[in-house]
Structure formats: structure tokens, C-alpha cells
Amino acid sequence: MSPSAATPSAPDRAARLAELLTACVSDPARVTTDLPRRVAAAHDASPYLFTPQAVVRATSTAEVGALMAGARAAGLPLTLRSGGTSLAGQAGGDGILVDVRSHWRTAEVLDGGLRIRLQPGLTVRQANARLARYGRRLGPDPASESACTIGGLVANNSSGMNCGTQDNAYRTMESLQFVLPSGTVVDTAAPDADEALRAREPELHVGLLRLRDRVRSSAGSRATIERLFSMKNTMGYGLNSFLDHTDPADILAHLMIGSEGTLGFVGEAVFRTVPLLPHTATGLLVLPGLAETTEALPALLAAGARTAELLDAASLRVAQQSPDPADELHALRVEQHAALLVEFAEDSAELLEETVGAARPVLDRLPAVTGTSLVRDARVRARLWHLRKGLYTAVAGARRPGTTALLEDIAVPMERLTSTCEGLIGLFDRHGYQDAVIFGHARDGNLHFMLTQDFDSAPEIERYARFTDAMVDLVLDAGGTLKAEHGTGRAMAPFVRRQYGDELYDVMRELKRLCDPHGVLNPGVLLEDDPAAHLRSLKSVPEVDPAVDPCVECGYCEPVCPTADATTTPRQRIALQREIALATAAGDEERRRVLEADYAYAAVDSCAADSLCVTACPVVIDTGAVMKRLRAERHGAAAQRAGNAAARHWATAVKGVRAALNTAHAVPAPAMRAATGAVRRLGAEELVPAWADDIPRGGPSRPAPRRPAEARAVFFAACIGSVFAPETASGGAAGGAAAAFLRLCERAGVPVTVPGQLAGLCCGTPWQSKGYTAGHRTMAARTLEALWEASDHGRLPVVCDASSCTHGLEQLPDALTESDRARFASLNFVDSVAFAAEHLLPALPEPRRLGSLALHPTCSTVHLGIDDALRTVAATVSDAVTVPDNWGCCAFAGDRGLLHPEITATATAAQAAEITTGTYDAYASCNRTCEMGMTRATGRPYRHVLELLDEATA
Numbered sequence: 006m007s008p009s010a011a012t013p014s015a016p017d018r019a020a021r022l023a024e025l026l027t028a029c030v031s032d033p034a035r036v037t038t039d040l041p042r043r044v045a046a047a048h049d050a051s052p053y054l055f056t057p058q059a060v061v062r063a064t065s066t067a068e069v070g071a072l073m074a075g076a077r078a079a080g081l082p083l084t085l086r087s088g089g090t091s092l093a094g095q096a097g098g099d100g101i102l103v104d105v106r107s108h109w110r111t112a113e114v115l116d117g118g119l120r121i122r123l124q125p126g127l128t129v130r131q132a133n134a135r136l137a138r139y140g141r142r143l144g145p146d147p148a149s150e151s152a153c154t155i156g157g158l159v160a161n162n163s164s165g166m167n168c169g170t171q172d173n174a175y176r177t178m179e180s181l182q183f184v185l186p187s188g189t190v191v192d193t194a195a196p197d198a199d200e201a202l203r204a205r206e207p208e209l210h211v212g213l214l215r216l217r218d219r220v221r222s223s224a225g226s227r228a229t230i231e232r233l234f235s236m237k238n239t240m241g242y243g244l245n246s247f248l249d250h251t252d253p254a255d256i257l258a259h260l261m262i263g264s265e266g267t268l269g270f271v272g273e274a275v276f277r278t279v280p281l282l283p284h285t286a287t288g289l290l291v292l293p294g295l296a297e298t299t300e301a302l303p304a305l306l307a308a309g310a311r312t313a314e315l316l317d318a319a320s321l322r323v324a325q326q327s328p329d330p331a332d333e334l335h336a337l338r339v340e341q342h343a344a345l346l347v348e349f350a351e352d353s354a355e356l357l358e359e360t361v362g363a364a365r366p367v368l369d370r371l372p373a374v375t376g377t378s379l380v381r382d383a384r385v386r387a388r389l390w391h392l393r394k395g396l397y398t399a400v401a402g403a404r405r406p407g408t409t410a411l412l413e414d415i416a417v418p419m420e421r422l423t424s425t426c427e428g429l430i431g432l433f434d435r436h437g438y439q440d441a442v443i444f445g446h447a448r449d450g451n452l453h454f455m456l457t458q459d460f461d462s463a464p465e466i467e468r469y470a471r472f473t474d475a476m477v478d479l480v481l482d483a484g485g486t487l488k489a490e491h492g493t494g495r496a497m498a499p500f501v502r503r504q505y506g507d508e509l510y511d512v513m514r515e516l517k518r519l520c521d522p523h524g525v526l527n528p529g530v531l532l533e534d535d536p537a538a539h540l541r542s543l544k545s546v547p548e549v550d551p552a553v554d555p556c557v558e559c560g561y562c563e564p565v566c567p568t569a570d571a572t573t574t575p576r577q578r579i580a581l582q583r584e585i586a587l588a589t590a591a592g593d594e595e596r597r598r599v600l601e602a603d604y605a606y607a608a609v610d611s612c613a614a615d616s617l618c619v620t621a622c623p624v625v626i627d628t629g630a631v632m633k634r635l636r637a638e639r640h641g642a643a644a645q646r647a648g649n650a651a652a653r654h655w656a657t658a659v660k661g662v663r664a665a666l667n668t669a670h671a672v673p674a675p676a677m678r679a680a681t682g683a684v685r686r687l688g689a690e691e692l693v694p695a696w697a698d699d700i701p702r703g704g705p706s707r708p709a710p711r712r713p714a715e716a717r718a719v720f721f722a723a724c725i726g727s728v729f730a731p732e733t734a735s736g737g738a739a740g741g742a743a744a745a746f747l748r749l750c751e752r753a754g755v756p757v758t759v760p761g762q763l764a765g766l767c768c769g770t771p772w773q774s775k776g777y778t779a780g781h782r783t784m785a786a787r788t789l790e791a792l793w794e795a796s797d798h799g800r801l802p803v804v805c806d807a808s809s810c811t812h813g814l815e816q817l818p819d820a821l822t823e824s825d826r827a828r829f830a831s832l833n834f835v836d837s838v839a840f841a842a843e844h845l846l847p848a849l850p851e852p853r854r855l856g857s858l859a860l861h862p863t864c865s866t867v868h869l870g871i872d873d874a875l876r877t878v879a880a881t882v883s884d885a886v887t888v889p890d891n892w893g894c895c896a897f898a899g900d901r902g903l904l905h906p907e908i909t910a911t912a913t914a915a916q917a918a919e920i921t922t923g924t925y926d927a928y929a930s931c932n933r934t935c936e937m938g939m940t941r942a943t944g945r946p947y948r949h950v951l952e953l954l955d956e957a958t959a
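Under my numbering, the residue at position 923 of the sequence shown is numbered 928, and the numbers go up by one with no gaps.
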């Protein structure tokens, strides 16, 4: 047999692997070996890149155990991935990547919030949202809480700004359910957990006892462990487990904390929670230098400061460049200064006053150069915290294109904090990292430093290697740890032996062998004997588009993206652009062709373009806007002319659509499905939806013109309320949101103007979203003219009755000429919900209240900042208002949910499941297409909240 015949081709190997893995799960659709999906999943927040051979979405511990066996049979490593926000390379591998986020988002609050049971796919913020109503939160408080998941929190032993070493994941974990590589499931909440472990895994049980006794019998080992774990320390395995616990099941459960997916999979964790302290006082204390800053710490902590964040001089200079710097920095000429951002927090205002009063003498003795005042106002406090949290944004966003932003963390004994900071600054200068900054959790001796690095040339990698070696010397000579919070990963794995010594390193190696004898789980992570392993498989970051080049692939965008579980996320959309650029540069035409062909739907067409991603992105990238631009670039001249024609004749177009919808409802549904299917197959997938029985009839005409004396606003009734009929309610008034708003205004004695040309006007969103730039410009100019006149040159606010259209009006300047933008800036757009909350509610009669209401805020209410107003109106009509814990954008996005219903189905699945477990008197939102999307998802009738208010006050 020839060698070529003996060796399977790449497609054959992929097919065999897919077949093997498909047998491990209940749904073959959750297994993929397709290149675009593998490439997209490969990218995480670290500077490393490993492309897996297969990606699997597991749904149960049994499936994970089967996949571990499958990986062993295939001779491939297996990596567990949840949020992908880890910074040290522990979330990527080149074998089988198992997604344990998508189907792992269950939470159960226990004992009135004193405990909580969590699965690994939930973010820390989502978990804390469930606890907030009980006045509790998780102990660990990582800065990435909006995106990092419980899986990563456990795997990395996360801590944060406030929790120190006493409230981290290790200390607050009560029990775990985990799967070993053998497939054995251990639940340490069971009273017989240790006996069960001994029965099912006798060698492991005996081995853990042996390692426990080995560690405890060595004075040197005990001393090293006690020294390192008196600080924040996520370097290597949590060997303190051998000192803190006696039974092997307890020891193993605590070793799982911080094991970075190398010992097993944690499918469920129960945590003890800590009190949520709502009353806080915050201050920025600028001191002459690092020495004065670190010397101030002991007294501040003793006085009750719960948070003390350090900022070095470079950080202060960066903060001064922000658009809205803190008052303390305005006139400061930063030389060798440093600062502490301190916060005092208690559970009552009285207790806070007492604590701050007791701390005042300590504060007054500080050599602060800008005062020691503490502020309680939430907005001012937010500015101060933005100064600290915005450092990442400022440095990462300003880095040279093609470079990677590296965020490292270390911890040293408090008495060595000043010298270590000074040593790091010296290393930055010596190795040419002029943009580096130091900040961190000073109360714990925990420093973060951030620098930018190019990994595309050998000299640059050598520079990084020299710096890393020198940094390791500095930290270890200070008696510190090379990783305090972010996990060992691949970045520091080669240095674990040096930090712990040969004896304890051998203990770690033996622990790994006992749990994972075949080395299946995440090899190369946490333990690595190759001294240069951290310098390989580094990520290239090619320039692709100035709008997305600042992306650091942190993944903060993913939890808010409605297509995350369906196609791709913003991070993946950008990563795929970079992969296409790399394939093009390498001359790999087949790879480029495959990636580009997939990108059209998986990235561009499926994007809801709701731009929630920009609200979460630390470097303020609007991936939704980029996808809309890519849609525009695909349109030829003929398509742009057609879009422009629709804009010029919009009143006629809306009438035509309304008539078509009404006609469609008169035609048998099978015939309509066949007709629309045929049109879509001819290439109109992005214009004509597949017919569905729940598509509404055509709506009512837009309101007739009116111009009352003493008008207090201009009413811009959205055309979407005319295109689609409102959800009907028994005994409800007709006309939808627009008619309801006008009736409410009349009832409250608030006269409003309705423009005469309204039928032909639009907010422009349909053209903007689809990329019809010529039509967008035409509509923007026409709408500006009409609203400029109707509002008396901006004197009156313009009120719109659909939140997405209010947001669309605010974005019209993108399509206006420079001269028109000046006029546009004089216009004030207000959503009808916010207008009602401020101007109508005080003048309306007492409403007849409902008992319960399920409320769906929209992505646009987030952008507009009117969620509170929406809740206020909802609370006016209902005693109990419920926003689902699993709330997110419905992804209906105008007609996107009609054109691609699979996107909305996936985006709404979790919140729909939550809503349908209960029964409510009414269901409300504030945008017609979002109401359609949620009605489709839940089978419950969603209506505009102003329709409910109208009926309640009639």
C-alpha cells in the first residue's frame, strides 16, 4: 500500500473525527469540523492562537465525559471553553474544543440568596443580577464580570478588586459537581462524596492521600505554600488544598478551583455569597510618589477602606487624556505622582457615615496633593471608576495597529510593593515599552501592568522574551507570585517549577497524572517543561479595517450579542476578517475562498446590527455598524438606485406593503409559503421573508396632520406602526402605539403637532441597516427638512413612538451633509416612553392597575438610556413588573427576524423559556417589531406599553 493510500486525507480525517464525536452527543448538529467555525472559535482574549480540529457544544456532564473518552480514542487533546476571556492562553487548544457556555446558563438561588447554584456558562454579572434582589453578590468580583463566566471564575480561582484572598472562588465555594477524564462524576454536596470517590476512583483516592501526607510532612513545602497563598496566587495548582482539607473528595474539589481545565470539568458549583453593600464613598487620593502611596495603605485599610486601587504616574498621564478627566487631575502636572482610588462601603448610610468619620483623621494625615475628599454621588463616583477602568480602553485603543495589548498580573508582599513597581518601570524603560502602565489592587499587593507587543517578527518576540525573563527575576526575588488572578495558562506555565521548586512541582505533576493519566485535558496549560513554550503559537493581528483594528478579542461583546448562539459574535466577525487577511497574504486561496463564502451569511447577513456590542466593548467598536457598511459595499449601482427610489416614494411604498400584507392574509397559507419561497430562491433572501402565519396584517394609516396652538412637542409616528397592525386585545382601543400616544396626550392636556408630510418620512433605519446609502441620504435630508420646520427650528422636541426609530433618528447625521448636520444638532429627539414618563404620567388620571406584567426592554432603550423610564411606565400600569433574568436583544431587528427567523428563535430562546414558565396579565415592549419577535417566541401577546397605559387611564 502506498503512503498516500495509508494516510487519510484531511477531509477524511475530519469526517472520521466528526463521526466519532457525533456518537458522544445527542444532536449531531452540535458537532462541527467546518473550517470557518473552527477558526472563529479559536480566538480568545489571550495572545495565543490554537485552531481546534473540531468544536462541540455539549449539553450535559454525561456528554462531556463521553467527549473526553472520544478525545482519548482519537489521540487528541480536549479544551473546555466558556467565556474565552482568560488572558494567559488556557482557553484554547488544537484538538477538540468543547463549548460549555451555550447550554450551561442555569442558576438557582438558595436560602434567600445566602447561597447560589450555578452552571459554567452564566456570566458573573448575570449571576449577581439574580442575587441583587436579595442584597447579596458573589465574593469574587473580577473586572471582566460582564463577560467572564462561572466556568472561568472556577477554573482560574478568580478574585477581583474587593474580595482579597478571603472571598475568592476557592474560599466561597461550598460544593462542586465535576467530571473526571475517566467519566466519573463527583458531587461533593453528597454526604457520601468521599466514599463514592474511593469506590469509583481508588487509585486517585489513595494518591490524593499520599500527596496530602507528602506535602504536610515537609516543613519546606508547607512554608512555601503558606507564603505563596497568603497572597493572591493562581500560579500552578492550588496546593493549599492539601493543607486546608483532609478528605480526598474535599481536597480534589478545591484543587479543581484554579486548575484551568486540566484536571476535569466543573459542571455545577454552589457558592456562599457575601452582602451587597449599597452605600459607598469614593475618593481619588493623589500622592507625591509610589513610596507615599504604598506607605498610606496599611492605615487606610485599617480605617475600613474596602477597595484601594493603585495608579502609577503613567496611568495618571493616560487618564488625563480622557475626554472627561477627574477633577483631581485637571491642573495636575504629573511627575512622579501615584494615586489610590479608595472606596468605603457599608450596608446603611448611617454606618457609612460612622466609618468615614472614623477614617477622616487617617485621610487628613496623608500628604495628598489634591485633597482627600470622598464623594457619594453615583455619577461622580462613576467618573472616578471610569478613570481606573478606562486605562485598558485608553492604552489598548491607542496601540499601534498590528500589535497586541497584554495585561499581566503579579502579586508581592506588601513591604515589597514599592520596589517592585519601581523595578517594573525600570524594565519598561530598558526594554522599550514606553506606553506601559501599572495599576492594580494595592490592598492585596496585586499589580497589573499593561503593554503593547508585536508578535510578527523574531526581534520583537526576542524583546518580549527578555522582558519576561527579567520580570520573572524581579517578582520571584521579591518573594512574589507570577500570577495573582489571571491564571497560569500557557504564558507562565514554563515558570511554575521555578516559583515552587522541584519538590512541589513534582507534586503537581503527580496530581496531573492521577487525575488525567492520558494527558487529554489542556496539555501545555499550567504545567510545561519546555522553557520556550510561552513564545510559540502567538497570535498575528493583521490590519483589516480601521473601524475594527483596535479589537483586542477580549470577548466582552459576546454576552450581549443576539447571534452568539446562532452564527457568530462580534469578536468572531472581526477574527474571521483577520483570518481572511492572513490567508490572502499567505496566498492560500482555498482557505480564503471558504472563509469568505461563509462570512456572507454567518457574519454579515445574520448580524442583527443592534450595536449592543459597542455598549460592552472596552475600545468602543461598533461591529454592527461595520456589518451594515459591508452590506452597502455589496450593493451595485442598480440596487442603490432602487433603494433611493423607495426613499423618494416612501408613502406609496408603505401603502403597497400594507396592501400586500392584507392580500396575503386572504390567500391560503400554503400558497403564500410557496410563492415567497420561490421568490427567495431567485435571490431575494434579503428582501422577501418566508411567509409565516403570524406575520401581521397591514397597519393603520399614520396620524393625520395637526398643528394645535401651544404645542409642546412634535409627534413623529413611526412608519413601522403603519406597516404592521398592532397586536389586538379584547376590548382594547384601536390604532396601535401612535393612536394610544395621541389619546394619552389629549387626556393629559399636552398638545402635540403632527407634521403634514409624515406619510413620506422615515427615521432612515431600513436603508441604513440594509446598506442602501443613497436612499438613506435622501430620506435623511427629507426628514430633517420636515422636522426642522415642524419643531420650529428645534424649539419643540420630536417624539417618536418606536424605540428603534427614535434611535434611528438620532443617527441621521451619518447620512447628512456637513451643513445639514449643524441644523440637525438643534433637534431634540425623545422616545414616547420617556416623554410619557416625564410629561404625561403626572397629568393622567389614576390608572386601573394590572396584577402582573412581563416587560421586554429593547436594544434601542439601552442605547437611548431610557430603560428606567420604560420601567416607570410599566410600573404605573402593573403592581408587579418582570424583566426576565435572561433578557437580551430579540434580534428581530426590523425585518431581520422575518428574513432569518432562526436568528430570533435562538436569541429569544432563554428569555422565552423563562417567560412561559409563568403567567402574566399582560406583556409589553416599546417597539412594534420587537413585540412581534417576542410574541412569536413566547406565544404571548406583546403590545406597546403605551397601549396598556392608554387602556388603564381611559
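Idealized CB from N, CA, C, for every residue including glycine.
Buried or exposed (CB count within 10 angstroms, at least 16 for buried), residue i
i, result
"Thr921", "exposed"
"Glu584", "buried"
"Gln326", "exposed"
"Ser51", "buried"
"Leu81", "buried"
"Thr733", "exposed"
"Gln131", "buried"
"Val659", "buried"
"Ser462", "exposed"
"Val759", "buried"
"His335", "exposed"
Beta-carbon proximity of residue i to residue j, cut-off 8 Å
i, j, result
"Leu202", "Ala274", "no"
"Val44", "Ala59", "no"
"Val804", "Val728", "no"
"Ala722", "Pro708", "yes"
"Gly870", "Asp806", "no"
"Asp603", "Pro145", "no"
"Thr298", "Leu321", "no"
"Ala489", "Asn238", "yes"
One or two residues paired with residue i in a DSSP bridge
i, result
"Leu792", "DSSP, once it has assigned bridges, lists no residue as partnering Leu792."
"Leu2", "Because residue 2 is not part of the residues shown, which for the chain are 6 to 959, the question remains open."
"Arg948", "Ala929"
"Asp836", "Cys805"
"Leu356", "Paired residues: none, contrary to the question."
Helix, strand or coil at residue i according to DSSP, with G and I counted as helix
i, result
"Gly5", "Limits of the chain in this structure are 6 at one end and 959 at the other, which puts residue 5 out of reach."
"Leu845", "helix"
"Ser809", "helix"
"Val374", "coil"
"Ser149", "coil"
"Pro701", "coil"
"Asp507", "helix"
"Ile101", "strand"
"Met6", "Note that Met6 scores 34 on pLDDT, short of 50, meaning its location in the model is unreliable; the coordinates nonetheless yield the value given after this. Met6 falls in the coil class under three-state DSSP."
"Ala336", "coil"
8 Å Cβ cutoff, residue i in contact with chain D
i, result
"Pro283", "Included in the structure is just one protein chain, with no chain D present."
Quick one: which unbroken alpha helix (DSSP H) runs of 4-plus residues sit fully inside the segment 708 to 774? Chain order, please.
-> 725 to 728, 741 to 753
What are the complete alpha helix (DSSP H) segments, minimum 4 residues, inside the segment 112 to 186?
-> 129 to 137, 155 to 160, 174 to 177
Ranges of the alpha helix (DSSP H) found wholly within the segment 524 to 598, counting only runs of at least 4 | 575 to 591
Go through the segment 421 to 504 residue by residue and report every complete run of the beta strand (DSSP E) that reaches 3 residues or more, in order.
-> 442 to 446, 451 to 458
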